[in-house]
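>
There are 2 protein chains.
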Amino acid sequence: MNSQPLLSYINKIITLTEEEETYFTSKIVYRKYLKGQYILQQGDVNNKICFIISGCVKMFYVDDLGQEHILMFGVENWWASDLGSYISQAPSDFNVQCIEDTALIQVAYNDIEDLYSKIPKLERCFRIIIEKAYVASQKRIVRNFSMSAKDRYLIFKENYPEIEQRIPQYMVASYLGVTKEFLSKIKSQIATEQ
Amino acid sequence: MNSQPLLSYINKIITLTEEEETYFTSKIVYRKYLKGQYILQQGDVNNKICFIISGCVKMFYVDDLGQEHILMFGVENWWASDLGSYISQAPSDFNVQCIEDTALIQVAYNDIEDLYSKIPKLERCFRIIIEKAYVASQKRIVRNFSMSAKDRYLIFKENYPEIEQRIPQYMVASYLGVTKEFLSKIKSQIATEQ
DNA sequence: AGTAAATGTTAATCTAGATTAACATTATTT
DNA sequence: AAATAATGTTAATCTAGATTAACATTTACT
Numbered sequence: 001m002n003s004q005p006l007l008s009y010i011n012k013i014i015t016l017t018e019e020e021e022t023y024f025t026s027k028i029v030y031r032k033y034l035k036g037q038y039i040l041q042q043g044d045v046n047n048k049i050c051f052i053i054s055g056c057v058k059m060f061y062v063d064d065l066g067q068e069h070i071l072m073f074g075v076e077n078w079w080a081s082d083l084g085s086y087i088s089q090a091p092s093d094f095n096v097q098c099i100e101d102t103a104l105i106q107v108a109y110n111d112i113e114d115l116y117s118k119i120p121k122l123e124r125c126f127r128i129i130i131e132k133a134y135v136a137s138q139k140r141i142v143r144n145f146s147m148s149a150k151d152r153y154l155i156f157k158e159n160y161p162e163i164e165q166r167i168p169q170y171m172v173a174s175y176l177g178v179t180k181e182f183l184s185k186i187k188s189q190i191a192t193e194q
Numbered sequence: 001m002n003s004q005p006l007l008s009y010i011n012k013i014i015t016l017t018e019e020e021e022t023y024f025t026s027k028i029v030y031r032k033y034l035k036g037q038y039i040l041q042q043g044d045v046n047n048k049i050c051f052i053i054s055g056c057v058k059m060f061y062v063d064d065l066g067q068e069h070i071l072m073f074g075v076e077n078w079w080a081s082d083l084g085s086y087i088s089q090a091p092s093d094f095n096v097q098c099i100e101d102t103a104l105i106q107v108a109y110n111d112i113e114d115l116y117s118k119i120p121k122l123e124r125c126f127r128i129i130i131e132k133a134y135v136a137s138q139k140r141i142v143r144n145f146s147m148s149a150k151d152r153y154l155i156f157k158e159n160y161p162e163i164e165q166r167i168p169q170y171m172v173a174s175y176l177g178v179t180k181e182f183l184s185k186i187k188s189q190i191a192t193e194q
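Those sequence lines, one after another, are chains P and E.
The first sequence begins at 1 in the working numbering and counts up by one.
The second sequence begins at 1 in the working numbering and counts up by one.
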């Protein structure tokens, strides 16, 4: 099993000894999902945190009218879970579904407390991970408030050029909070500009 | 100095011994601000976390067109800071300004590492605080995506009935992401309904 | 290869909410 | 008490983006 990507990721935040790495590795599980499979469903408690080794997922929410709203995409070296539900162990408002065949590493919630006590640095590490997620979330609120759909699209392209290639456009539209028709309009508008 | 509200708040999340409480208390600072004063300004690093004892603040962002967008309000027993900037020690995108005379307790960033090492439980405590903030932030994104301004207003009233009484309506409008004129329209619409 | 399903485009019409502007009410200051 | 500033309302007009619908293109399946 290849746990290296996750260890490298963690070692950018804290420094684990070899022993600690070994112990940490003993607690993680490697798992593959097929395109279309769900890693998490709305209403379930997210009892495993997932780190993506390869593939692509979307985290989304289905509203009362059955409309799907994508909160985020996850690709290699990203977390593919509702961190909020994981750490609070409360039912999630979100679904996480694979939009490509996806390989990931899981850490079960039941193991994380043990990991925190054996390797206290991990508590700090996860605090920092959540912090980053929180900051990104706040930025997203600000953008949705004060920017037009066109500007949000341009920012998305700039921030995630690789992701745009890998997913259908109607999902990008959902992420941006507009209809696929309107995104189509935005794109043709941008095209005629240059 | 009255540090009791903060200690009660923290003791709901973790349990501090008397010694720990004493040490914690030795590191905090009590401070008063007048209505209109800024606790944090856009571009500055937030080097003190603030817990509100009394009063009311708004956290907001000024966009390129000079428009103000309120991200959150803070009242008694809430945090009145950009937690993201505090923990990452990166310049804040936000301002925090008092909309009433406000008394608060501060913990300087320079002291927090020391506190974490002396009282490791605090690391967990702050992780949990951030988690809650993150979950609330995600919920906000979802709401802004899939709900009308009227529904968002009704949710705001339901969640924060006390706050609505204390702040001018145009700030509620800014929080909801609509103009004050439109909020006025929503209110008269609601009034004629019943 | 041929068919069905998924995805993307264009254009016409509609609507939630913005903008502008004039006026009303409430606080605050002198 | 008057004057000024801050806040709130109403109505007319405008616009970003939604909705509907018809069609085009690409992908996946048999």
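Using N, Cα and C, we set each Cβ at its ideal position, and we do this for glycine too.
Since the structure is predicted, the reported quantities are computational estimates derived from the model, not experimental observations.
Tell me, which residues are paired with P/Lys58 by DSSP?
Per DSSP, P/Phe73, P/Gln97.
> State the CB to CB distance for the pair P/Asn110 and P/Gln41, rounded to an integer number of angstroms; the pair is presumed to be in contact (CB under 8 Å).
So it is not a contact: roughly 19 Å between Cβ atoms.
> Going by beta carbon distance, what residues of the same chain come within less than 8 Å of E/Asn144, once the five residues before and after it are set aside?
These residues qualify, in order along the chain: Arg152, Gly177.
> In angstroms, rounded to a whole number, what distance separates the CA positions of E/Glu158 and E/Glu164?
Near 10 Å, if we compare the C-alpha coordinates of E/Glu164 and E/Glu158.
> Less than 6 Å separating the Cβ of P/Tyr38 from some heavy atom of the ligand ATP?
The ligand ATP is absent from the structure shown, which contains no ligands of any kind.
> Taking only three categories from DSSP, how would you classify E/Pro91?
If DSSP states are grouped into helix, strand and coil, E/Pro91 belongs with the strands.
> Scan the segment 169-188 of chain P for residues whose Cβ lies nearer than 8 Å to a Cβ of chain E and list them as they occur along the chain.
If the cut-off is 8 Å between Cβ atoms, the segment 169-188 of chain P has Gly177 near chain E.
> Shorter than 7 Å from the beta carbon of E/Gln138 to some beta carbon of chain P?
So yes, E/Gln138 belongs to the interface.
> Please name the residue or residues paired with E/Thr102 in a DSSP beta bridge.
In the DSSP output, where bridge partners are listed per residue, E/Thr102 has E/Tyr33.
> Throw me the rounded Cβ distance for the P/Cys50 and P/Ser81 pair, which I believe falls under 8 Å.
Indeed they touch by this definition, with Cβ atoms about 5 Å apart.
> Buried or exposed: which applies to P/Leu71, given that a residue is buried once 16 or more other Cβ atoms fall within 10 Å of its Cβ?
Label assigned to P/Leu71: buried.
> Using only the alpha-carbon positions, how far apart do P/Ile112 and E/Ile14 sit?
Cα-Cα distance, rounded: 18 Å.
> Taking 8 Å as the threshold, find out whether the segment 135-144 of chain P comes into contact with the segment 84-93 of chain E through three or more Cβ pairs.
Yes, since at least three Cβ pairs between the segment 135-144 of chain P and the segment 84-93 of chain E fall closer than 8 Å, the two stretches touch.
> Under 7 Å between beta-carbons, which chain P residues line up against E/Ala133? List them in chain order, please.
Those within 7 Å of E/Ala133 in chain P are Tyr134.
> Using DSSP's beta-bridge definition, name the partner residues of E/Cys125.
Answer is none; E/Cys125 lacks a bridge partner.
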